[in-house]
Amino acid sequence: MRIVFMGTPDFATHALQALRAAGHEIAAVYSQPPRPAGRGYAVKPSPVHALAESLGLPVRTPHSLRSAEEQQAFAALQADAAVVVAYGLLLPRPVLVAPRFGCFNIHASLLPRWRGAAPIQRAIMAGDAETGVTIMRMEEGLDTGPMMKVERLAITPQTTAASLHDDLAALGARLIVEALQAPDQPGTPQPAEGVTYARKIDKAEARIDFIRPAPEVRNHIHGLSPFPGAWTMIGNVRVKVLKAEAVDGAGEPGTALDEKLSIACGTGAIRLLEVQREGKGAMTAEHLLRGLPVLAGTRFG
Numbered sequence: 082m083r084i085v086f087m088g089t090p091d092f093a094t095h096a097l098q099a100l101r102a103a104g105h106e107i108a109a110v111y112s113q114p115p116r117p118a119g120r121g122y123a124v125k126p127s128p129v130h131a132l133a134e135s136l137g138l139p140v141r142t143p144h145s146l147r148s149a150e151e152q153q154a155f156a157a158l159q160a161d162a163a164v165v166v167a168y169g170l171l172l173p174r175p176v177l178v179a180p181r182f183g184c185f186n187i188h189a190s191l192l193p194r195w196r197g198a199a200p201i202q203r204a205i206m207a208g209d210a211e212t213g214v215t216i217m218r219m220e221e222g223l224d225t226g227p228m229m230k231v232e233r234l235a236i237t238p239q240t241t242a243a244s245l246h247d248d249l250a251a252l253g254a255r256l257i258v259e260a261l262q263a264p265d266q267p268g269t270p271q272p273a274e275g276v277t278y279a280r281k282i283d284k285a286e287a288r289i290d291f292i293r294p295a296p297e298v299r300n301h302i303h304g305l306s307p308f309p310g311a312w313t314m315i316g317n318v319r320v321k322v323l324k325a326e327a328v329d330g331a332g333e334p335g336t337a338l339d340e341k342l343s344i345a346c347g348t349g350a351i352r353l354l355e356v357q358r359e360g361k362g363a364m365t366a367e368h369l370l371r372g373l374p375v376l377a378g379t380r381f382g
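For the sequence shown, the positions run 82 to 382 when our numbering is used.
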């Protein structure tokens, strides 16, 4: 098939590679425009943009698809289908209907749960037992289209946003190739019940609240790991927590129960396993304690 691929972050690169490996012709790749990134704020292309250029594929980076000129340029590609993965721009109706079989979206949740921008993080933060990937035929609504393929993955107490991201990216890449084997299938309408929205992660959510029960604190930490990273204060040192586990323990919420970074929560306790001090890389809790001893009774936050 002749395909237009539309995606921006690393999550989408897996699908682009899978579509090429499956023998599809990539007529063009659409991605967000290059933006400043890193400490030096050098302008860099998105991961999808960089991959497409390395593969010799034509790349387009419009700021919007609302103009008649952009819509005509899209239609002129005469695509059989468009595959959309975390692209970052709304697709107006003229774009949605231009490909022969329409536009297909790889969404990292079990729709209709967690429609929207941050389904991976929100599923973990909410304590969901499972999530997955839905291949959806796109409509004008926000993630409302009929479902072509659905597959589930378990969320465990060890699951972080980083690990789930990688598992779902690989799963989505496989499922989109399978879905395009029968692109004219109508799909299954989404259930009317169970709709939730995964709003974009706000950095203001990242501060750890030890008043909550220990499993909720752990889910909050893992759902924001590694970015933006849930954080707390140890004295005047700000520390991101990347991994933690719920453990037995009781005490004033936010108080260290021992010298191994076990911290009392509203109910139970958590033990910090992997952390990151400002300006430094990720490290184990043991490594942190060598340079920043924490005694029982120390207050966090």
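In this text, a Cβ means the ideal position worked out from N, Cα and C, and glycines have one as well.
Within the segment 105 to 147, complete beta strand (DSSP E) segments of at least 3 residues are found at 106 to 111, 116 to 118 and 123 to 125, given in chain order. For the pair K281 and F182, the Cα-to-Cα distance works out to about 30 Å. As far as DSSP is concerned, T225 takes part in no beta bridge.
Ranked by how close their Cα comes to the Cα of H105, the residues A93, P90, Q113 and F86 have F86 in first place. Inter-residue distance for A337 and G382 is about 11 Å (C-alpha atoms, whole angstroms). Per DSSP, R194 lies in no alpha helix (DSSP H) and is assigned neither H nor E. In the displayed model, R319 falls within a strand according to three-state DSSP. The segment 255 to 330 contains, as complete beta strand (DSSP E) runs of 3+ residues, the segments 311 to 315 and 318 to 328 (chain order).
The bridge partners DSSP lists for K230 are I216. The bridge partners DSSP lists for I236 come to none. Within the segment 157 to 181, the complete beta strand (DSSP E) segments at least 3 residues long are 162 to 166, listed from N- to C-terminus. Residue state for M206 is assigned as helix, using DSSP reduced to three classes. Annotation for V356: V320, K321, V322, L323, M364, A366 and L369 place their beta carbon closer than 7 Å to its own, counting only its chain and skipping 5 residues before and after. If you draw a straight line from the Cα of Q262 to the Cα of A131, it is about 27 Å long. In this structure, Q202 places its C-beta atom within 8 Å of the C-beta atom of L305. When DSSP reads this structure, S244 sits in no beta bridge, so it has no partner. The DSSP-derived three-state label of L373 is coil.
The shortest CA-to-CA distance from A273 to any of M228, A198 and A149 is the one to M228.
In this structure, the beta-carbon distance from A350 to G378 does not fall below 8 Å. The C-beta distance from L138 to V110 rounds to 5 Å, short enough to fall under 8 Å. Between V140 and A93, the CB-CB gap reaches or exceeds 8 Å. Judged by DSSP secondary structure, R352 falls within the beta strand (DSSP E) whose first and last residues are A350 to R358.
For F155, same chain residues with a beta-carbon under 6 Å away, outside a window of 5 residues either side, are V176 and A179 in chain order.
With a threshold of 16 other beta carbon atoms within 10 Å, Y168 meets it and is buried. Rounded to whole angstroms, L354 and P270 show a C-alpha spacing of 42 Å. When beta bridges are read from the DSSP output, A337 appears opposite I344. Beta-bridge analysis with DSSP links T89 to no other residue.
Spatial neighbours of G226 in its own chain (CB-CB distance under 8 Å, excluding positions within 5 residues in sequence) are listed in chain order as N186, M217, R218, M219, E220, G268 and Q271. For F185, the enclosing beta strand (DSSP E) covers residues C184 to H188. According to DSSP, I84 shares a beta bridge with I107 and A162.
Under DSSP, the beta-bridge partners assigned to E211 are A235.
When the Cα atoms are used, G372 and V318 turn out to be separated by approximately 12 Å.
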